[in-house]
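Single-structure report; data block below.
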Amino acid sequence: MSSESHDIMARAVPFTEAKNAATSLAECFADDRVARYYLQVSDCNRPLTPKEEKLNLRIYECLTAAHCHDGLVVSAGPGYDSVGLWLPPGSDWTWKTYWRSRLWLLWLRLGREGRARFFGSWGTLEESMTSTMGTRASVTWVLTDLGTRKPSRGKGYATKVMEYGLALADAQCQPTYLECFDYNVPFYEKFGFRKRGDG
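When we follow our numbering, the leftmost residue of the sequence shown carries the number 1, and every step to the right adds one.
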């Protein structure tokens, strides 16, 4: 982390800027295993086709808009260099969330298998969080996504995004939960997270 990180500020992203934040996330996760699982692309090394890129962007546009509407989107950096999507306790994605974020259109675009993968993963996340957090599940903040553009990595942007969300949770003495790949565990352990399970 550079000394410049002390001057970095994170902020909440309003609904009017959701597409800008989503563009950053789509770029961050273009070669991510989870994102490609949604796209039904098994090869994480090959470039996405234009059609796949468009669908990947649409997925993150819908997700980001949904979090802006009923959740929290945090960004750090002058060009949405790092973006985090949080679900505070009590976040409830109603039909209004699906309508305004256009998740309902995504349902149509993904196809049967894509729908099962994408929307099914959210049910799995909720089940895992509830199982892990137990009686504290109802007051738990969930970090659903955190991505940093490749040219901006190592500059402290993701740290600021994390600190912003964690400060809100800590102010209310509420726990936080996230899921990540093993290679990201050391980063999150810096904030006090503890690994549970083998995944």
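Don't be surprised by glycine CBs; every beta carbon is placed ideally from N, CA and C.
Fair warning: this is a prediction, and the values are worked out from it, not measured in the lab.
Our two residues, Glu17 and Phe181, have alpha carbons roughly 28 Å apart in a direct line.
Judged by DSSP in its simplified three-state form, Val74 adopts strand.
Inter-residue distance for Trp107 and Arg115 is about 6 Å (C-alpha atoms, whole angstroms). For the options Val41, Ala10, Ala35, Phe15, the alpha carbon positioned closest to that of Thr144 is the one of Ala35. Boundaries for Gly192: no alpha helix (DSSP H) harbours it, and the DSSP string shows neither H nor E there. The beta carbon of His69 lies closer than 7 Å to those of Phe15, Thr97, Arg100, Ser101 in the same chain, with the five residues before and after it left out. Here Val142 is actually not in contact with Ala76; their C-beta atoms are around 19 Å apart, not less than 8 Å. With contacts defined by Cβ atoms closer than 9 Å, Lys155 and Cys28 do not form a contacting pair. Around the Cβ of Trp86, a 10 Å sphere holds 16 or more other Cβ atoms; the residue is buried. Looking at the backbone, the Cα of Ser91 and that of Leu178 are separated by about 15 Å.
Cβ-Cβ distances below 7 Å link Arg196 to Thr132 in the same chain, with the five nearest sequence neighbours on each side left out; the list follows chain order.
Around the beta-carbon of Tyr164, 16 or more other beta-carbon atoms lie within 10 Å, marking it buried. Boundaries of the alpha helix (DSSP H) around Arg33: 33-39. Judged by DSSP in its simplified three-state form, Trp141 adopts strand. Judged by DSSP in its simplified three-state form, Leu48 adopts coil rather than helix or strand. DSSP places Val13 outside any beta strand (DSSP E), giving it a letter other than H or E.
Counting only residues of its own chain and dropping the five nearest sequence neighbours on each side, Ser82 has a CB closer than 6 Å to the CB of Ala76, Thr148, Tyr157, Ala158, Val161.
Comparing alpha-carbon positions, the option among Tyr80, Ala66, Gly71 lying closest to Arg153 turns out to be Tyr80.
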